[in-house]
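Its first residue numbered 347, the sequence shown is counted upward by one per residue in my numbering.
Every residue, glycine too, gets a C-beta built ideally from N, C-alpha and C.
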Amino acid sequence: MVFIGRNAMVAMVIGVFIGLLIPPLATLMRPLLAPSVWLLLVISLLRVNTREGLAHLSKPRRLVLLLFSFLVILPIGMQGLLSLTPLPSGLIGAMVLTAGSSVLISTSTFALLMGLDGAMILLIMLGTTLLMPVTLPIVALGLLGLELEMSSWELMGRLVFLMGSAVILATLGRRVIGEARLKTQAEVLDGAAVVTLVIFAIAIMDGLAARLMAEPGYVLFVIAVSFMVYTGLIILMTATLATIVPQWGRRFQLSVGLASGARNLGVILAVMPANADPDMFLYFAAGQFPIYIMPAVLKPIMLRLVG
Numbered sequence: 347m348v349f350i351g352r353n354a355m356v357a358m359v360i361g362v363f364i365g366l367l368i369p370p371l372a373t374l375m376r377p378l379l380a381p382s383v384w385l386l387l388v389i390s391l392l393r394v395n396t397r398e399g400l401a402h403l404s405k406p407r408r409l410v411l412l413l414f415s416f417l418v419i420l421p422i423g424m425q426g427l428l429s430l431t432p433l434p435s436g437l438i439g440a441m442v443l444t445a446g447s448s449v450l451i452s453t454s455t456f457a458l459l460m461g462l463d464g465a466m467i468l469l470i471m472l473g474t475t476l477l478m479p480v481t482l483p484i485v486a487l488g489l490l491g492l493e494l495e496m497s498s499w500e501l502m503g504r505l506v507f508l509m510g511s512a513v514i515l516a517t518l519g520r521r522v523i524g525e526a527r528l529k530t531q532a533e534v535l536d537g538a539a540v541v542t543l544v545i546f547a548i549a550i551m552d553g554l555a556a557r558l559m560a561e562p563g564y565v566l567f568v569i570a571v572s573f574m575v576y577t578g579l580i581i582l583m584t585a586t587l588a589t590i591v592p593q594w595g596r597r598f599q600l601s602v603g604l605a606s607g608a609r610n611l612g613v614i615l616a617v618m619p620a621n622a623d624p625d626m627f628l629y630f631a632a633g634q635f636p637i638y639i640m641p642a643v644l645k646p647i648m649l650r651l652v653g
């Protein structure tokens, strides 16, 4: 487990390509998709130092503004922008859901490697994780009217159950196990998280290889779009903060920008109904590529920008 944890990026990329190259294995592991998302949430919440993030809660108004931007303004803006394009409705819906999802839990760890404010990103991640089960159904289904083959209440219930149970179990686990023991077992937890993530990566590739063979141009287009959404959200948020609140500083602006691009697609996929638009499943599978690849690409860029 320790070895796997230390080679996380390689293991995750291998998982994606195993799912692509061995479609029967991806199909076999598909039922493990939602359980792996839930287990990954539990392990990740056990692993993060929540006190470190809460210790930076010195400017609550700024945090509230950022959370509102992440969970409300960005998905509404995404819908407004994409409504002007001829893109398929399923693809638009997936991108709107992405813009309104919670921040990926691992983002704070990658941020530290980039010289960014990992503690602030951790705080934003915790806030979006707790609020997203309520805000996403209201914004996406209630205000924007996305078609997901389920009501906003059903989506809210699924998200609350998935994420709420993970938060409760992780909180109880921290108390029972103890902070000191969790720190000594950090690499073991990292290894367990990577194994779980590899299972998720293989399972999410189910159907992607077949569609790639049938519609190679379209699938490659969707993969390219997922990279554009990831980087576009980072650039948009960073540029907006640099223009409106330059006094917050470049390091803080880049940190928030990174968090705005790195969204948790797994939790949305885990609660999606089986009869949802196939383009949504395609986008969430394609969206794993920038999640795994972009941190390595961004690291030297961020280090140079932070100075």
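Can you give the Cα-Cα distance for residue i and residue j, rounded to whole angstroms?
i	j	result
Leu644	Met460	8 Å
Val500	Leu543	The sequence shown places Glu at residue 500, not Val. Glu500 and Leu543: Cα-Cα distance of roughly 26 Å.
Ala570	Gly633	9 Å
Val394	Met466	13 Å
Val359	Tyr638	7 Å
Val540	Phe635	16 Å
Trp384	Pro479	14 Å
Ile470	Ala512	18 Å
Ile550	Leu611	11 Å
Thr654	Pro406	Examination of residue 654 is not possible in this model, given that the chain is present from 347 through 653 alone.
Ala642	Ala457	11 Å
Ile364	Met583	34 Å
Ile350	Leu535	Legend: pLDDT at Ile350 = 47, less than 50; position of this residue unreliable, value from coordinates given subsequently. Those two C-alpha atoms are separated by around 10 Å.
Gly595	Gly503	39 Å
Val568	Ala526	44 Å
Glu533	Ser435	42 Å
Ile514	Ser382	17 Å
Pro562	Ser415	35 Å
Gly426	Leu433	13 Å
Check each candidate in the options and name the one with the smallest Cα separation from residue i.
i	options	result
Leu428	Gly653, Leu490 and Thr584	Leu490
Val613	Phe363, Ser448 and Leu430	Ser448
Ala516	Arg376, Val388, Leu651 and Pro381	Val388
Leu437	Leu378, Gly503, Leu492 and Met640	Leu492
Leu420	Thr373, Gly464 and Leu482	Leu482
Met640	Trp594, Pro562, Asp623 and Tyr576	Tyr576
Ile581	Gln425, Gly537 and Ala605	Ala605
Ser558	Leu472, Asp625, Ile514 and Met424	Position check: residue 558 holds Leu in this sequence, whereas Ser was assumed. Of Leu472, Asp625, Ile514 and Met424, the residue nearest in Cα terms is Asp625.
Ala372	Thr474, Gly553 and Leu472	Gly553
Leu505	Gly524, Thr474, Ala532 and Ala631	Thr474
Ser498	Glu533, Gly510, Leu443 and Ala532	Leu443
Phe630	Met441, Ile422 and Gly488	Met441
Tyr564	Leu628, Gln425 and Ser415	Leu628
Ile422	Gly488, Pro562 and Arg609	Gly488
Determine the burial state of residue i: buried for a count of at least 16 other Cβ atoms within 10 Å of its Cβ, exposed for fewer.
i	result
Val328	Only positions 347 to 653 of the chain appear in the structure, and residue 328 is not among them; the question remains open.
Val485	buried
Thr530	exposed
Phe507	exposed
Thr431	exposed
Gly446	buried
Pro377	exposed
Gly464	buried
Leu566	exposed
Leu411	exposed
Ile451	buried
Ile647	exposed
Leu386	buried
Met574	exposed
Leu374	exposed
Val356	exposed
Ala560	exposed
Ser601	buried
Ser572	buried
Gly439	buried
Near residue i, which residues of its chain fall below 6 Å by C-beta distance, leaving aside the five closest residues on each side in sequence?
i	result
Gly340	Because residue 340 is not part of the residues shown, which for the chain are 347 to 653, the question remains open.
Ala555	Leu366 and Pro369
Val652	Gly461 and Arg597
Ala380	Ala616
Gly607	Tyr576, Leu579 and Ile580
Arg408	none
Gly603	Ile580, Met583 and Thr584
Gln599	Thr584, Leu587 and Ala588
In its own chain, which residues sit with a C-beta less than 7 Å from the C-beta of residue i, not counting the 5 before and 5 after it?
i	result
Leu477	Leu413 and Leu417
Leu649	Met460 and Gly461
Met509	Leu387, Thr475, Pro479 and Val613
Ala622	Leu494 and Glu495
Met424	Met441, Val442 and Ala445
Take residue i and list the residues in its own chain whose beta-carbon comes closer than 8 Å to its own, dropping the five residues that flank it on each side.
i	result
Gly519	Val388 and Leu392
Leu403	Leu409 and Leu469
Leu528	Leu392, Arg393, Arg520 and Leu535
For residue i, would you say it is in contact with chain D, using Cβ-to-Cβ distances shorter than 9 Å as the test?
i	result
Ile467	The chain inventory of the structure shown lacks chain D, comprising one protein chain alone.
With contact counted as at least three CB pairs below 8 Å, one residue from each stretch, are the region 584 to 600 and the region 614 to 630 in contact? no
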